[in-house]
Structures are given as C-alpha cells and as structure tokens.
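In this note's numbering, the protein residues as written are 2 to 257. A short write-up of the structure that comes next.
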C-alpha cells in the first residue's frame, strides 16, 4: 500500500530485574536507548518513538532530540506499551508499527528495514524476525515453530520442535516484530491468556487471538543487554562501530 506508514516504536522501562535502569546505562557517549533510536533512524521507517513510563527517559529524550511518548506504568510487557502508544498516535488502519527492543544497542538497521519492507498487509497480521539457532536448553531464548510458508504455529522457551527422531536447527525469535494496527489493537484490548502466562511469551496471546503471524529469517548480528557481561561486551564493541561514529557525531553537532 502506497499510503502505508511504517512507524518504529521502542518500548523502554527501568525496572529490569537483572539490570536495573538498563536503558540509561551509558555506552560510549550515549545512553542505551538512544543508540537503538539513532540506529533505527537509518532504517526504512517513516517515524520512530521511544515509549516509556520513565520521566528520566523522557527528560533525556528531550535533551537528545528524540521523540518520546509517555505511557502507563501498568503494562506487563513491551507490546502492551506499544499498544498504548499506537492509541495515542491515532495511526491509520493502513499503517504498520515495528516493535524494536530497547536493549539492543548494536541493532542493525538493515534488519529493521527488512521486517518493515516485507510486511504484506494482505497476508500478515504480525511479522517477526528469527535466527537459526543451535544452542539447546536456553530458557531465556524464545523459540518458534513454523509451517513451510513460515507461518508461526507456536512459541516456547523450551526447545521446539523436539528432536525425537532427528537433530534439528531451532528458530530463535529476535526483538523485531511488525504489527498491523488491527493486530496490535487486538492485543492491547485483550487480557493475558493462559498459554502466554505459562510460557512467559507475550505473543502467544496473538496466537490465541487467531492473528496471522509469520516469521522471516534475519542476519541479526547484535546482542541484547540482559546482564552486566552483555553491557561490558557492547561497550567494547561500540568503540569500533562505524555507525556509532556517524550518529554520535551528529548528536554532538546538534547539541552544541
């Protein structure tokens, strides 16, 4: 659709159990959430917003010329926070939103573009990125099972499909999910479902709502920051990151 806008939403909260105040952690000269925002600006999106319940993130966003939407503190997950932002933005039903995780400061904007540009509103309610994945028994990683046409059948923190007869390569969900406006509105208006609560995977709510969810393989060379070791890794990695040098310089010029 030529009139379809692609809006990036980056949900951020401070109450991380393993790494409190995570979005505000400095990586190079910028807080973590700013890296995700500035890298997303390089993607094929029409607009991008930070979505947060934190006054401190809002204040820093204003200082850094970052668009920010204040949301409720009641949300249980990032998709609910994005759902409220969609409501506040009053987007057209023709638009799509891309939920971009706020804890991946090495985000590759090409992957954001791939998700946004491959979203087919005639086929997809939700389109999410995945990686092929060989490591077993990692409960912090959400795995997906797909049909031949890449329609997502189920999500789990367990290793699925199970290797009963032959070894298999797993599909690991990554932090990029595109939604039609109707799909994210349906999610936002609905209560958490039983499977969602059992598995601890929010998109199982959309499975139970009957949304058409599809996956697309990405070249997602990044690293989520969940624990201090991840933070140390990205702080070292960012020093030689060419994209960082580009947007850090722009930010410095804008704030002189």
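Yeah, the Cβ is synthetic: ideal placement off N, Cα and C, and Gly gets one too.
With respect to residue 13, residue 34 sits close: the two C-beta atoms are nearer than 8 angstroms.
Its chain contains 156, 157, 158 as the residues whose beta carbon lies nearer than 7 angstroms to that of residue 200, once the 5 sequence neighbours on both sides are disregarded; these appear in chain order. In the pairwise beta carbon analysis, the stretch 115 to 129 is classified as touching the stretch 210 to 229: at least three pairs are separated by under 8 angstroms. With a contact defined as Cβ atoms closer than 8 angstroms, residue 134 and residue 171 qualify at about 5 angstroms. Counting C-beta atoms within 10 angstroms of its own C-beta, residue 141 has fewer than 16 neighbours from the protein chains shown and is therefore classed as exposed. Residue 112 holds the alpha-carbon nearest to the alpha-carbon of residue 43 among 76, 112, 130. By the C-beta criterion, the stretch 227 to 238 is judged not to be in contact with the stretch 176 to 194, since fewer than 3 inter-stretch pairs fall below 8 angstroms. Residue 177 counts as buried, since no fewer than 16 other beta carbons sit within 10 angstroms of its beta carbon. About 19 angstroms separates the Cβ atoms of residue 10 and residue 226, ruling out a contact at the 8 angstroms cut-off.
Across the structure, residue 83 and residue 99 are spaced so that their CA atoms are roughly 9 angstroms apart.
Per DSSP, the unbroken alpha helix (DSSP H) holding residue 84 starts and ends at 79 to 90. By the C-beta criterion, the stretch 56 to 63 is judged not to be in contact with the stretch 88 to 98, since fewer than 3 inter-stretch pairs fall below 8 angstroms. The DSSP assignment places complete beta strand (DSSP E) segments of no fewer than 3 residues inside the stretch 110 to 165 at 127 to 134, 144 to 147, 153 to 157, in order along the chain. Put simply, of 4, 8, 6, 18 the residue whose alpha carbon is nearest the alpha carbon of residue 228 is 18.
Boundaries of the beta strand (DSSP E) harbouring residue 179: 171 to 181, taken from the DSSP string. A distance below 6 angstroms between beta-carbons, with the five flanking residues on each side excluded, links residue 114 to the following residues of its chain, in chain order: 44, 45. Taking a 10 Å sphere around the C-beta of residue 54, we find 16 or more other C-beta atoms and assign the residue as buried. For the set 130, 238, 162, the Cα lying nearest the Cα of residue 138 is the one of 162.
For residue 56, the uninterrupted alpha helix (DSSP H) run begins and ends at 56 to 64, by DSSP.
Taking residue 77 as reference, the option from 202, 218, 245, 239 with the minimal CA-CA separation is 202. Note on geometry: alpha-carbon atoms of residue 164 and residue 136 lie some 13 angstroms from one another. Residue 69 and residue 245 have their C-alpha atoms roughly 21 angstroms apart.
The three-state reading of DSSP puts residue 192 in coil, since its state is none of H, G, I, E or B. Residue burial annotation: residue 86 is buried, with at least 16 other C-beta atoms found within 10 angstroms of its C-beta. Residue environment for residue 66: exposed (fewer than 16 other C-beta atoms within 10 angstroms of its C-beta).
In this structure, DSSP gives residue 21 a state outside helix and strand, which the three-state scheme calls coil.
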